[in-house]
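Chains as they are written, first to last, in my numbering: chain A, 281 to 621; chain B, 5 to 294.
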C-alpha cells in the first residue's frame with residue numbers, strides 16, 4: 281500500500297502547492313484546477329491530445345527508469361530522442377518511395393539505432409573511462425541539438441517552408457491515426473509504447489539480463505563478486521535507454537508531423553525524469569505517471585486563454601513541485617516514523 | 005579584429021565565471037549543483053526586474069543575487085535537510101525556474117516572452133567583467149588560506165573529519181549552497197543587464213550547464229575554472245563572429261559545429277583524453293551524523 285501512497289501523496293502535495301501559486305496571479309486555484317481538468321479530459325479531442333503527449337513520456341520515462349534500475353542517471357533522453365526522430369525523418373525523406381509496412385519498420389529501426397548509439401556513448405564512457413554519465417549526457421544533449429540543427433538546416437531542409445524542418449517523409453511511412461479522437465494525432469505509437477513498457481517489465485524481472493542489470497544497480501560490488509561484468513551491464517543499460525528514447529521519433533515523425541521539426545519536444549526528455557521517479561522506475565508506474573504528466577501538459581495549454589494572468593508554464597512549476605515532493609527522502613521517512621510512533 | 009574578439013570573449017565569459025565560481029562552493033562542499041542553470045535564470049529575471057524598478061544596475065544585481073539565494077535555499081532545504089537526490093532535486097529546481105520566470109513575467113509585465121527593455125544608461129557598461137575577475141582572486145585566497153575555505157573543502161572531501169573537529173557539516177553545506185545561489189544569480193544578472201538589454205525567456209540557454217562543465221574542466225579550482233570559462237567564452241565569441249563567414253571555398257563553417265565545441269571538449273576532458281579531473285570524494289552524498 282505504501283508503494284502507491286507515497287507517489288499519490290507527492291502528486292497531491294505538489295499540485296496543491298503549485299495551484300496555491302496561482303493565488304499570487306489573482307486566480308482562484310479551484311478555478312485553475314477546473315480548467316486543467318476540462319482541458320485535459322473535457323472532450324474526445326482533449327483526451328486524445330493528453331494521450332498524444334503521454335506517448336513520448338512513456339518512452340522517455342522508460343529511458344530514465346531502465347538505467348536507474350542499473351544505477352545510472354540518464355539525463356540524456358532529450359538528445360537521444362532528438363537523434364531518434366531525426367533518423368526516422370531522414371530515412372523517410374531520403375527514401376520516400378518505400379511502401380508500407382516496410383517503410384515504417386525501416387524508419388523505426390533507424391530511430392532505435394540512432395538513440396542506441398547516442399546512449400551507448402555515455403554508457404561506454406562511464407564503464408570504460410569512468411566519467412560521470414550525468415555531465416556527459418547533458419553535454420551530449422547539446423551536441424545532439426547542434427547535429428540535428430545542422431542536418432535540418434543544411435542537408436535535408438524543406439524547400440517549401442521557412443520553418444526549420446526537414447523534407448516530408450514518403451506517404452508509405454505514415455502510421456495509422458485513431459479516428460475516435462476527432463483529429464488529435466493519437467497513432468499506433470501509443471499501443472507501441474504500452475507494449476514496449478510491458479516488454480521492458482518482462483526484460484527486467486523475467487530474464488537473466490534484467491536480473492543482472494538490477495543487480496548492478498542494487499549492489500555493484502556484490503554483482504561483481506557474483507561474476508557479472510558490471511561495465512558491460514552499464515553499457516547495455518544505456519543502449520537500451522537510448523533505443524527507448526529514440527522511439528519517441530516514431531510517434532512524432534511517423535504518427536504526427538511527417539517530418540523532423542527542430543524544437544518539437546517540449547523537454548520530453550527532462551519530463552521523463554519526473555515520470556520515472558513518480559513511477560518508481562517500474563514500467564507500469566511509468567505508464568501511469570506518463571498519463572498524469574501528459575494530462576498536466578495538455579491541461580495547462582489552455583491557461584493562457586482561459587485566465588487573465590496564469591500561463592501554460594504553470595505545468596513546469598507543477599512538475600517541478602511534484603518531483604521535489606517525490607524526491608524528499610527525509611520527509612517520507614519522517615512521516616513513516618510518525619505513523620509508526 | 006583580434007582585439008574585438010578578445011573583448012567579446014571577456015564579456016561573454018563573465019556570466020560563466022560567476023556561475024562556475026558559485027558552483028565551485030557548492031560542489032567543493034559536497035553538493036552537486038545541476039541547479040546552476042535555474043539559479044542563473046531566476047537571477048537574470050530578478051535583476052532585470054530590479055533594474056527596471058530602481059533604474060540602477062547595482063540594485064538590480066542585488067535583486068538577482070537575492071533571487072538566486074532564495075531558490076538555492078529551496079534546493080538546500082531539499083538536498084540537505086530532506087536528503088533528496090541531488091540530481092533529481094537539481095533538475096526540479098531548473099524546471100521550477102523555467103516555469104516561474106514566465107509566470108511572474110506575465111503577472112508583472114503581461115507578457116511571457118521578455119521584460120521591457122532597459123535603457124542603455126541604466127545597464128552595466130563593464131563593471132561585472134572586472135568584478136568577476138576580482139572574485140576569482142578572492143576565491144583563490146578564500147579557498148586556500150581561510151578557515152571557512154578549508155571547511156568547505158573538508159565538507160566535500162572528508163565530512164566525518166570535519167564533524168569530528170566540531171564543525172557542523174550540514175551548516176557549511178547550507179552556507180556553500182546559498183553562496184552558490186548568490187553567485188549564480190549574479191551570473192544571470194550579468195546576462196540580462198550587462199550582455200543584453202532585457203530578460204528574455206530561457207535566456208541562460210544551457211550556460212549553467214556550461215559553467216558546470218567549466219568547473220569540472222577546471223578541476224574544481226577557482227583559477228583553472230575561470231580559464232575554462234574563458235575558453236568556453238572564446239568558443240562562443242568565435243561562433244558569433246564566424247556566422248556566415250566563408251572559410252574554405254564558398255562554404256561557411258556551419259555554425260552548429262562551432263557551437264558544439266565546448267560541449268565536445270567537456271566530454272573529452274571528462275573521459276581523461278585531455279588531462280584528468282577528480283570530483284570531491286563525498287560529492288552527491290547526504291551527511292547524517294553518525
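Yeah, the Cβ is synthetic: ideal placement off N, Cα and C, and Gly gets one too.
Keep in mind that this is a model prediction, so the values were computed, not measured.
| task | Report yes or no: do three or more beta-carbon pairs, one from the region 425-436 of chain A and one from the region 397-408 of chain A, lie closer than 8 Å? | result | Touching, no, given that fewer than three Cβ pairs across the two stretches are closer than 8 Å.
| message | With three or more C-beta pairs closer than 8 Å as the rule, is the region 355-369 of chain A touching the region 565-578 of chain A? | response | No, the region 565-578 of chain A is not in contact with the region 355-369 of chain A.
| said: How far does the alpha helix (DSSP H) with residue 430(A) in it extend, from its first residue to its last? | reply: 413-430
| query | Hey, residue 660(A) and residue 514(A): beta-carbon distance below 7 Å or not? | reply | The requested residue 660(A) is not part of the displayed model; chain A covers only 281 to 621.
| said: Between residue 305(A) and chain B, is the shortest Cβ-Cβ distance under 7 Å, so that the two count as touching? | reply: yes
| Close-in-space but distant-in-sequence residues of the same chain around residue 307(A) (CB under 6 Å, 5 per side omitted) | Hits under 6 Å: 587, 590.
| said: Counting only C-beta atoms, is residue 423(A) closer than 7 Å to chain B at any point? | reply: Yes, residue 423(A) counts as interfacial toward chain B.
| request: Taking only the alpha-carbon atoms, compute the straight-line gap between residue 154(B) and residue 111(B) and give it to the nearest angstrom. | output: 44 Å
| task | Classify residue 445(A) as helix, strand or coil using the three-state DSSP reduction. | result | DSSP places residue 445(A) in strand when its eight states are reduced to three.
| Interface residues of chain B around residue 599(A) at Cβ under 7 Å? | 99
| Where residue 433(A) and residue 415(A) are concerned, what is the direct C-alpha to C-alpha distance, given to the nearest angstrom? | 27 Å
| task | Would you check if the distance between the CB atom of residue 338(A) and the CB atom of residue 570(A) is smaller than 7 Å? | result | yes
| query | Are residue 178(B) and residue 88(B) close, meaning C-beta to C-beta below 7 Å? | reply | Taking 7 Å as the cut-off, the Cβ atoms of residue 178(B) and residue 88(B) do not count as close.
| Shortest alpha-carbon distance to residue 291(A) belongs to which of 494(A), 598(A), 551(A), 530(A)? | 598(A)
| message | Can you pull out the residues from the region 354-379 of chain A whose beta carbon lies closer than 8 Å to at least one beta carbon of chain B? | response | 355
| field | residue 177(B) (DSSP reduced to helix, strand or coil) | value | It is helical.
| query | Where residue 231(B) and residue 18(B) are concerned, what is the direct C-alpha to C-alpha distance, given to the nearest angstrom? | reply | 11 Å
| query | Would you say residue 346(A) reaches chain B, if we count a Cβ-Cβ gap shorter than 7 Å as a contact? | reply | no
| query | Are three or more beta carbon pairs between the region 101-111 of chain B and the region 201-210 of chain B nearer than 8 Å? | reply | yes
| field | Proximity test, Cβ basis, 7 Å: residue 269(B) and chain A | value | With respect to chain A, the C-beta atom of residue 269(B) has no partner C-beta closer than 7 Å.
| query | From residue 547(A) to residue 358(A), what does the alpha carbon distance come to, in whole angstroms? | reply | 7 Å
| request: Taking residue 89(B) as the query, report the chain A residues whose CB atoms sit under 7 Å from its CB, ordered along the chain. | output: 607
| Using the C-alpha atoms, what's the distance from residue 605(A) back to residue 283(A)? | 15 Å
| message | Between residue 243(B) and chain A, is any beta-carbon pair separated by less than 7 Å? | response | Not flagged as an interface residue toward chain A: residue 243(B), since no C-beta distance is shorter than 7 Å.
| request: Output the residue ranges of the beta strand (DSSP E) runs that lie fully inside the region 458-532 of chain A and measure 3 residues or longer, sorted by chain position. | output: none
| said: Does residue 460(A) pass the burial test, meaning 16 or more other C-beta atoms within 10 Å, or should it be called exposed? | reply: The residue is exposed, with fewer than 16 neighbouring Cβ atoms inside 10 Å.
| Reduced DSSP category for residue 578(A) - H, G, I as helix; E, B as strand; rest coil | helix
| request: Within 10 angstroms of the Cβ of residue 507(A), are there 16 or more other Cβ atoms? Answer buried if so, exposed if not. | output: exposed
| heavy atom of the ligand MG below 6 Å from residue 368(A) C-beta | Here there are no bound small molecules, and the ligand MG is not part of this structure.
| task | Return helix, strand or coil for residue 408(A), following the three-state DSSP convention. | result | Reduced to three states, the DSSP call for residue 408(A) is helix.
| From 438(A), 451(A), 486(A), pick the residue whose C-alpha is nearest to that of residue 378(A); which is it? | 451(A)
| task | Give a yes or no on whether the minimum CB-CB distance between residue 96(B) and chain A is below 7 Å. | result | Interface with chain A (7 Å Cβ-Cβ cutoff): residue 96(B) is included.
| query | So, are the CB atoms of residue 191(B) and residue 73(B) less than 7 Å apart? | reply | no
| Does the beta-carbon distance from residue 51(B) to residue 67(B) come in below 7 Å? | Yes. Within cutoff.
| query | Which residue from 383(A), 403(A), 533(A) puts its Cα closest to that of residue 544(A)? | reply | 533(A)
| message | On the DSSP letters alone, give me the boundaries of the alpha helix (DSSP H) that residue 106(B) sits inside. | response | Residue 106(B): member of the alpha helix (DSSP H) spanning 90-113, first to last residue.
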